[in-house]
Amino acid sequence: MAITPAQSRAARALLNISQPELAALSGTSVSTIRDFETGKRTPIANNIAAIQTALESSGITFLADGEVAAGPGVSLRAEV
Numbered sequence: 028m029a030i031t032p033a034q035s036r037a038a039r040a041l042l043n044i045s046q047p048e049l050a051a052l053s054g055t056s057v058s059t060i061r062d063f064e065t066g067k068r069t070p071i072a073n074n075i076a077a078i079q080t081a082l083e084s085s086g087i088t089f090l091a092d093g094e095v096a097a098g099p100g101v102s103l104r105a106e107v
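Numbering (this note's numbering), first residue to last: 28 to 107.
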């Protein structure tokens, strides 16, 4: 499951991290994060995977469409 821009924004909000912080955690550029989250462009697959992995490593669980009432979502793991 590829994450959506909204999931990335929500995950950052739950973690209280900025776009530059996510860029550093994921090894991508700030412009990649910004452009993805605003819907300006879809990053290449390895950058999406790096963003998702960085967020998951920080305690985020991504929920697919159908796992929650209104489409895809995010959750913060309790053990973080």
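Idealized CB from N, CA, C, for every residue including glycine.
Here the structure is a predicted model, which means the values were calculated and not measured.
Looking only at its chain, what residues have a beta carbon closer than 6 Å to the beta carbon of A81, apart from the 5 residues adjacent to it on each side?
Position 54 of the sequence shown holds residue 81. Counting only Cβ-Cβ distances below 6 Å, and skipping sequence neighbours, we find L52, S53.
Could you name the residues of the same chain whose beta carbon sits closer than 7 Å to that of R104, not counting the 5 residues immediately before and after it, in chain order?
Position 77 of the sequence shown, counted from the start, is the residue given in the question as residue 104. Excluding sequence neighbours, R104 sits near G86, T88.
Going by Cα to Cα distance, which pick from V101, K67, I75 is closest to T55?
The sequence position of residue 55 within the sequence shown is 28, counting from 1. Among V101, K67, I75, the Cα nearest to that of T55 is on I75.
Under DSSP, the beta strand (DSSP E) around R87 begins and ends at which residues?
Indexing the sequence shown from 1 puts residue 87 at position 60. According to the sequence shown, residue 87 is Ile rather than Arg. Taken as a continuous stretch (DSSP letters only), the beta strand (DSSP E) holding I87 covers 87-90.
Per DSSP, which one or two residues make a beta bridge with V57?
Locating residue 57 in the sequence shown gives position 30, where the first residue counts as 1. Beta-bridge pairing links V57 to no other residue.
Closer than 7 Å by C-beta to T31: which residues in its own chain qualify, once you throw out the five before and the five after it? Chain order, please.
Along the sequence shown, read from residue 1 onward, the residue named residue 31 stands at position 4. So the list reads P99, once near-sequence residues are dropped.
Can you check whether the CB of I60 is closer than 8 Å to the CB of L3?
Missing from the structure shown is residue 3; the chain here goes from 28 to 107 and no further.
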